[in-house]
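In my numbering, the protein residues as written are 3 to 264.
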């Protein structure tokens, strides 16, 4: 991992491979290590970049007011610092919200967009779920949240088959957890996100991926995105849960690689 200066802080990032730049943008947790199942496959064809979003992982943890617009500005700042004029973006969940914002506000910097397990706006289901997660952080801290987190991310079949691995994930999550204030700030940011009125302005070729059993962002969000983004392609995968890129990596990687090469 390397660090590079952006605006008023530093971002930790990792590069693999050569070719057209492709940046993976993580979800609420923000850490680039989420994309480990993708790095090798995409690094064989692209300059694949993962990074820790501000406030998470090895990146700057100074207190600040979080917003999806600010997270997007950090992504553009990373591209500027790495002298990347235009990149493919693959964003999951919160990363998909960042991808939507980039496509609207910085269209000249975007080649192709892939959004995964993401949402259009904070509907009552989303609000109740994230109010509960916010309260959990406030009342019990990161350790309890880390116990519940796999139950939101993964379907039962994956949990049953990867029990020891998930325990190790939880230990790492607790050890590297950002301050509770950061997690709450990021939750507040995604609950405020709503790009519904802007989606028709997106012109980049866009692939929308969802799982039919996603608990956090049900597939109806993906269907709404597909209706709103001109010329977009929608794929709803069978099974896999919210973290479908991790639970179905071979299928996911093949799907995205085919789209990027089209």
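Note that CB positions come from ideal geometry on N, CA and C, so glycine has one too.
Range of the contiguous alpha helix (DSSP H) that encloses residue i
i           : result
residue 101 : 96 to 107
residue 17  : Looking at the DSSP string, residue 17 is not in any alpha helix (DSSP H); the run it does join, the beta strand (DSSP E), is 11 to 18.
residue 261 : 251 to 263
residue 227 : 222 to 230
residue 44  : 38 to 45
Inter-residue spacing [alpha-carbon to alpha-carbon] between residue i and residue j
i           : j           : result
residue 121 : residue 166 : 30 Å
residue 195 : residue 124 : 7 Å
residue 202 : residue 169 : 42 Å
residue 36  : residue 28  : 7 Å
residue 95  : residue 21  : 26 Å
residue 53  : residue 84  : 12 Å
residue 252 : residue 242 : 12 Å
residue 136 : residue 186 : 6 Å
residue 143 : residue 97  : 23 Å
residue 58  : residue 245 : 19 Å
Inter-residue CB distance, residue i and residue j (contact presumed, cutoff 8 Å)
i           : j           : result
residue 100 : residue 56  : That pair is no contact at about 12 Å.
residue 39  : residue 247 : 7 Å
Start-to-end residues for the beta strand (DSSP E) that takes in residue i
i           : result
residue 4   : 4 to 8
residue 189 : Unbroken run through residue 189 is the alpha helix (DSSP H), 182 to 193; no beta strand (DSSP E).
residue 235 : 235 to 239
residue 50  : 49 to 53
Under 8 Å: do the region 86 to 95 and the region 110 to 120 share three or more Cβ pairs, one atom per stretch? yes
Count the C-beta pairs between the region 173 to 188 and the region 203 to 210 that are closer than 8 Å, then say yes if the count reaches three, no if not. no
Entirely enclosed beta strand (DSSP E) segments - the region 77 to 162, minimum 3 residues: Here the runs fully enclosed are 89 to 94 and 112 to 118.
Is the region 185 to 205 touching the region 127 to 137, taking contact as three or more C-beta pairs under 8 Å? Of all C-beta pairs linking the region 185 to 205 to the region 127 to 137, three or more are shorter than 8 Å, placing the two stretches in contact.
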